[in-house]
Every structure is written in structure tokens, then in C-alpha cells.
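Residue numbers (the numbering used here): 1 to 606.
In this text, a Cβ means the ideal position worked out from N, Cα and C, and glycines have one as well.
These notes are about the structure you will find just below.
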């Protein structure tokens, strides 16, 4: 794949470099904010080969590219557009803007940390598996082996010092100095504080009076906690940025870091830490209450809505809760539900791959299903299931039933960061329950998709004009005749009016009025080009009756032309009808050459 070319194409579809305000990425998506949403060619963007799907909300777009591809395209796009995308925004804030911004920030904080969590979780699963095999005499290795000692150190280091990683990443996201952010994380783990995981065994909690004896706060560390760290770093970053603007340059190096750390540190221990510790505990209790609801209904509910939260990006918020559950209960009860939901999306995509005849759907569905089985669901959701609707709902039900079984059995993971088949080592205490929950999710989603499925989006293309239908190879212009622009047919018109060959949207018009490109409901783009080299007429004798973006129905008037005058000037009025984005579809000619009436079917696009 030519990633540089793909980045340029995406940039053009987004309205060019001048329309880009901000570009970021996560593991599968390019997250873009544009200045003028009207300049974005959404249809063209969705039809790019590299793009699995697009989610747009006003000026904010999420372009699903898949793991590996997204970082390469981002690098090319970012290096080119960096100055443009950092310009300040003057957009009016829409309702819910701050909530969406908060969710997005939370995702931006945790995405860079995920590899460390995945490594720790997977390594812990391997160690637990080897320990189980050793205890049952299957594997001859002592538990005092250096592998266990060093692997334990690695795993424990990630979880024990996780607040430092979170603080560093949060400071980068909030625009502060990441190293000052790391210091905030370090001070919240200071060994002079009582370890949060061992304060009971250490003999109780000590307290410190604050604000001149106004009240007391517990002197405990924040091991395993997330929200207090993020809020503390947010305060530090906001204070640092403010001081950079107000402190004289000569004193900035000395005053800004000192004031930022001391003020934010004092507020953290005196206010932020205790308050948000309680808030985090309440959130964990609420989630626990949902997941432990009678008869597994909480797991059913969470499994059903999980994929919907992936669409909005809200699922990144779950990381806070998963880490909190690991720190508080020793197990992650959200992970099996997420795994069931992901497997269900893969099952629905797999059913579509087998069920559908469309080459493009099959080409996307098979790798998307495999990706979902490994925990990355965006390609399956946006590329296949959401597009057809019914498979997404079937997958939601599959996730619901898989989550129901997981909750009913009290299934919990020993780590976080990975889902699907690769998360198996996290469930060694109840391996069969984990496999059964995945099997239920897969079976329900596959069966429902197979039975209900999604309609084949076949497009029946009709003749835009009355005349004589001829093979494309007989067109005198080699560009059309050799199929350079795509497959199709041609018509020698007997009348001077061109009608829409399908229901769809006008994608491209020309100032010369001699041609249009319109897209059908399945995304197929059709070029209707009146005459050969008629562009040289400069618009004389042509009148285009539609505009870009206009919705049209089959038979609506697109172009009028003065047939006699054009032929008198020596131009060939043979009109090619071309499938432009043929790589994505199968095209079949449904009419033999000969006389054809306007709106007679001439092609089938699958």
C-alpha cells in the first residue's frame, strides 16, 4: 500500500490542508476535526480502499483504517499538515461538546499506555498458566525459577507504577510538561505514604491536617487508582500553561515548575485525591452492582451496549473502571463482557462473509472478523455490520447473551488491555466458562445474522437516454474504449435529455455541463459522459440541471443538450455510462446491444 498516496487522498476528501484543524489517531481510527464540514466529501472518503468506515459528528470525524495502517497514514498526514491542524478553533460548541471532549481526552490518555497493559496482562496469564501446569505435574519447572521471579517483577512494575504512566500521558494530552506530570504521579506513590494495597495490614491509617487545621486527610498512596491522578495532572497542566503566559521569561524556568508542582501537589493531597478517590469508589460500586444484578441481567445489558459505546469512543472510559476493579477486587469483570461483545461482532462479520456474494463485502468481512476475534472490532463494526444494520443488532444480542453468561458465572480476568481469543490466559481460574461465553456470543450473532442478514445492495442501472446501446469497446475514444476509467456501456443518443440512471446523490458536476458523476445507494459511482471530447465546447449547447450534493431519483433530468448543433460541429455524441469505483463492486451487463429506451435496465452492480 502507498501510505503517502492514501494520506493525500484522505486529505483531499477532507477538504484539503486548509480545512484541517486537528488530526490525531488511536489504534484503529484517524480522528479529525475540520473547520468546514461542508467541504468534506463523505461519500468519497468512505469509498477509499483504505477506509473501512467513517463516523462523523459535525466537524469531528473518525476514519476507521485498522491497526497498523492508521499510524502510517497518520505519520504522512501529520508531517504535512502539522502547522495547519494546530490552529485555534473558532467553532461554536455544540450541545454535549464538553462530554464528548472529555471522553475523547480519556481515550487519548490511555491509548499510548495500552501496549504496557497488554504486555503485563498477557505475561501474567502466561505465568499463571505455567504455574498451573507445574502444579499438576504437566510442566517440570520450579516456581522459584528465575523466569517467575523476573516475570513477576515486570508485571508488578506495570501495575504498581501505573499512575506515573497515566500522569505522563495525561500531561501530554492536557498540554502540560509530561515530565512534571510524571512527578505528580510519583508523589502520589511516594513511599512515605502508606501503601494503598497494604494499609490494613500495616495497622491502620495516619492522618494529616490541612489548610491550617481545617480538616484532616488520610496519608495513603494512590496505587491502583486512576481518576485522582488524571484530575491532579489536569490541574497541574492548567496552572503551568497559565504561569507560562504570565511569568516574565527571565523567571519562567524557576517559578513556573515550582509553583505548578507545589500548588497542584498540595491541592491533590488536600482536596483532589480524597474527593475523587470517593467518586472512583462509588463508580466501581455502581458497576459492581450492575454486573452482580440477579440472573445476570447486568451482564446482558452491558454486553448488549458495549459495541454501541465503541462507535462513540466511550469504551475508552472502561479502562478506568477495569484498572479500579483489578486494584479493588483483584479481577476485571468488564473484560469478559467486552470479549463476548467483540467475538459477537466477529461472528456477525463472518456470517456476512459467507452469506454475501459481493466481492468487496467478502474482502472486508473476512479480515474484519479475524480482527474482531483478536479484540479489534472497528473494521467489523464500521466496514460490515453497521453498514447493513441487521448484523450489528445481531452482534449486540450475541454480546448480550455472552455477557449474561459471564455475569452469571462471576467471570473475571486477571488483567486488562486484551480481549477475545488472546485474552484466554487471563481466565485460568475459569477457562471453560470463558470459552463458553465466547461460544454463546459467536453462535447467537452468527445464527441471527445468517437468518436475518443484510440485503444485498444490488444497484440496477437504467439507460439515461433513448438511443442505441453499444459495447464500450466500440467507443472511438481509447480512454473509454479500453476501460481506463472503468467498465460500462455506451449509448448513441437519439434525444437531447439525460436522466438519472439510479436513485442517488450528485457527486461531481462540470462547469462545461457535459458530464456528471452520481453515487447510488450502495456507494457505486456512475459517470455519465455526453459525447467524445465535448469538453472542448466549453459548455456551449449544454445545460446541467443539477448541483453537487443534490439528491435525485431515477429518471430526474440531469443534463439537456442541443443534439443537432453539437453534431453539426462534428462531435460524436456517444455517451459512455461508466462504473468509476469498479474495484469495490461486480458489474454485469443486463442488456444486449441494440435499441434501448430511456430507463430500460442496462447494468447490474453488486
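Chain-order list of residues whose beta-carbon lies under 8 Å from that of residue i (same chain, five-residue window excluded)
| i | result |
| --- | --- |
| residue 241 | 175 and 176 |
| residue 152 | 127 |
| residue 25 | 31, 70, 71 and 74 |
| residue 279 | 227 |
| residue 224 | 159, 162, 196, 197, 323, 324, 326, 327 and 328 |
Exposure label - residue i; buried when at least 16 CB within 10 Å
| i | result |
| --- | --- |
| residue 478 | exposed |
| residue 150 | exposed |
| residue 154 | exposed |
| residue 538 | exposed |
| residue 179 | exposed |
| residue 214 | exposed |
| residue 505 | buried |
| residue 209 | exposed |
| residue 614 | Look at the range of the chain in this structure, 1 to 606, and you will see that residue 614 is not part of it. |
| residue 147 | exposed |
| residue 594 | exposed |
| residue 601 | exposed |
| residue 391 | buried |
| residue 432 | exposed |
| residue 237 | buried |
| residue 522 | buried |
| residue 607 | Since the first residue shown for the chain is 1 and the last is 606, residue 607 is missing from the structure and cannot be characterised. |
| residue 44 | buried |
| residue 211 | exposed |
| residue 250 | exposed |
| residue 299 | buried |
| residue 476 | exposed |
| residue 548 | exposed |
| residue 110 | buried |
| residue 157 | exposed |
Other residues of its chain near residue i: CB distance less than 7 Å, five sequence neighbours each side excluded
| i | result |
| --- | --- |
| residue 579 | 486, 487, 488, 524, 526, 585, 587 and 605 |
| residue 321 | 283, 284, 287 and 334 |
| residue 256 | 240, 243, 244 and 247 |
| residue 582 | 486 and 487 |
| residue 39 | 15 and 19 |
| residue 9 | 48 |
| residue 201 | In this predicted model, residue 201 has a pLDDT of only 49, less than 50, meaning its place in the structure is not dependable; the value taken from the coordinates is given anyway. Correct list: empty, nothing qualifies. |
| residue 186 | 164 |
Euclidean distance between Cα positions of residue i and residue j
| i | j | result |
| --- | --- | --- |
| residue 3 | residue 21 | 21 Å |
| residue 101 | residue 519 | 33 Å |
| residue 384 | residue 474 | 38 Å |
| residue 105 | residue 493 | 58 Å |
| residue 166 | residue 448 | 41 Å |
| residue 69 | residue 5 | 13 Å |
| residue 19 | residue 11 | 9 Å |
| residue 614 | residue 465 | Residue 614 is absent from the model: the chain starts at 1 and stops at 606. |
| residue 444 | residue 507 | 39 Å |
| residue 404 | residue 294 | 10 Å |
| residue 245 | residue 318 | 35 Å |
| residue 81 | residue 562 | Low confidence applies here, because residue 81 scores a pLDDT of 44, under 50, leaving its location unreliable and the question unanswered by this model. |
| residue 228 | residue 114 | 19 Å |
| residue 550 | residue 468 | 29 Å |
| residue 472 | residue 491 | 9 Å |
| residue 323 | residue 258 | 31 Å |
| residue 502 | residue 552 | 8 Å |
| residue 365 | residue 51 | 13 Å |
| residue 49 | residue 7 | 12 Å |
| residue 453 | residue 355 | 8 Å |
| residue 267 | residue 254 | 20 Å |
| residue 84 | residue 396 | Any answer about residue 84 is weak, because its pLDDT of 42 lies below 50 and its placement is not dependable; what the coordinates show is given next. Between residue 84 and residue 396, the C-alpha separation is close to 39 Å. |
| residue 159 | residue 337 | 22 Å |
| residue 370 | residue 350 | 8 Å |
| residue 117 | residue 407 | 23 Å |
| residue 235 | residue 264 | 6 Å |
Cutoff 6 Å; reference residue i; Cβ partners in own chain excluding five residues on either side
| i | result |
| --- | --- |
| residue 341 | 303, 306, 307 and 399 |
| residue 53 | 64, 382 and 383 |
Cβ-heavy atom distance, residue i to the ligand GTP, below 8 Å
| i | result |
| --- | --- |
| residue 582 | Ligands are entirely absent from the displayed structure, and the ligand GTP is therefore not among its contents. |
- Unbroken alpha helix (DSSP H) runs of length 4 or more, entirely within the segment 211 to 280: which are they? 227 to 246 and 249 to 267
- Write down every uninterrupted run of the beta strand (DSSP E) in the segment 124 to 210 whose length is 3 residues or greater and which is fully enclosed by it, in chain order. 207 to 210
- Counting only runs of 4+ residues fully inside the segment 414 to 443, write out the alpha helix (DSSP H) ranges in chain order. none
- Query: So, do the segment 256 to 276 and the segment 296 to 313 have three or more beta carbon pairs nearer to each other than 8 Å?
  - Reply: no
- Message: Counting beta carbon pairs with one atom in the segment 446 to 466 and one in the segment 412 to 425, are three or more of them shorter than 8 Å?
- Response: no
- Query: Taking the runs of the beta strand (DSSP E) that are 3 residues or longer, which of them lie wholly in the segment 467 to 543?
  - Reply: 467 to 471, 488 to 493, 497 to 499, 504 to 509, 515 to 520 and 525 to 529
- Flag this pair as touching only if the segment 554 to 574 and the segment 431 to 450 have three or more C-beta atom pairs under 8 Å; answer yes or no. no
- Message: Can you confirm whether the segment 409 to 417 touches the segment 330 to 350 when touching is taken to mean that 3 or more C-beta pairs between the two stretches lie within less than 8 Å?
- Response: yes
- Query: What are the start and end residues of each continuous alpha helix (DSSP H) run of 4 or more residues lying completely inside the segment 557 to 598, in chain order?
  - Reply: 563 to 568
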